[in-house]
Each structure stands twice: as structure tokens, then as C-alpha cells.
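Student: Adding 3 to a residue's 1-based position in the sequence shown gives its number in the numbering used here.
By construction, the Cβ of each residue, glycine as well, lies at the ideal position given by its N, Cα and C atoms.
Attaching a single structure in C-alpha cells format; questions to follow.
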Amino acid sequence: MQFHIFQDARLEWRWQLSTHEGRKVADSGEGYRVKDDCLESIAQVQACEEALVLENITSLMDTEMLQMPGLFHKH
Numbered sequence: 004m005q006f007h008i009f010q011d012a013r014l015e016w017r018w019q020l021s022t023h024e025g026r027k028v029a030d031s032g033e034g035y036r037v038k039d040d041c042l043e044s045i046a047q048v049q050a051c052e053e054a055l056v057l058e059n060i061t062s063l064m065d066t067e068m069l070q071m072p073g074l075f076h077k078h
């Protein structure tokens, strides 16, 4: 994996993370006016090697239960 930094059309610094084959897997998502801020953003990503992976799943059953009339009552 490799980070590429570049300036966009607005002259803001951005980064992209790509595989060695050139497939983009992530980007900065925003531009930085100062190059050092862009580099700091890369450093933060590099420090996340042990970040948790969270998954948010809403099952069809839960969605259907919320739509059932009379299932929830006001007290």
C-alpha cells in the first residue's frame, strides 16, 4: 500500500491510499490548505492499524416489527 499526496484544482492538498497495483482503497475525503495538515491526516490513518471494525445491521425482521400496528403501546 502507498499514499499519494497531490494538490487538487482548488490548490488544496489531498491524499489517496492505493494498492501497489494502483487500486484506490481510501482517500482524504477533504482538502487541506496546508501540506503538513495533509501529512498529519496520513499519520493518523497509519496509526489506526488496530482500529475496531464496527458493523451496523438492521434486520428485516426488526424493520417489520417497527411497522406492525399495535405492537408498541403508549403508557
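1. So what does DSSP say about H78, is it helix, strand or coil?
2. In chain order, what residues of the same chain lie with their CB nearer than 7 angstroms to the CB of R80, ignoring the 5 residues before and after it?
3. Does K77 pass the burial test, meaning 16 or more other C-beta atoms within 10 Å, or should it be called exposed?
4. Here's a check: name, in chain order, each residue in its chain whose Cβ is nearer than 7 angstroms to the Cβ of H7, leaving out the five neighbours to either side.
Tutor: Walking through what the data contain:
1. Caution is warranted here: a pLDDT of 43 is assigned to H78, below 50, making its placement in the model unreliable, and no coordinate value can be reported.
2. With the chain represented from 4 up to 78, any question about residue 80 goes unanswered, as that position is not in the structure.
3. Note that K77 has pLDDT 49, beneath the 50 cutoff, so the model's placement of it is unreliable and the number below is only indicative. That one is exposed.
4. W18, Q19 and S21
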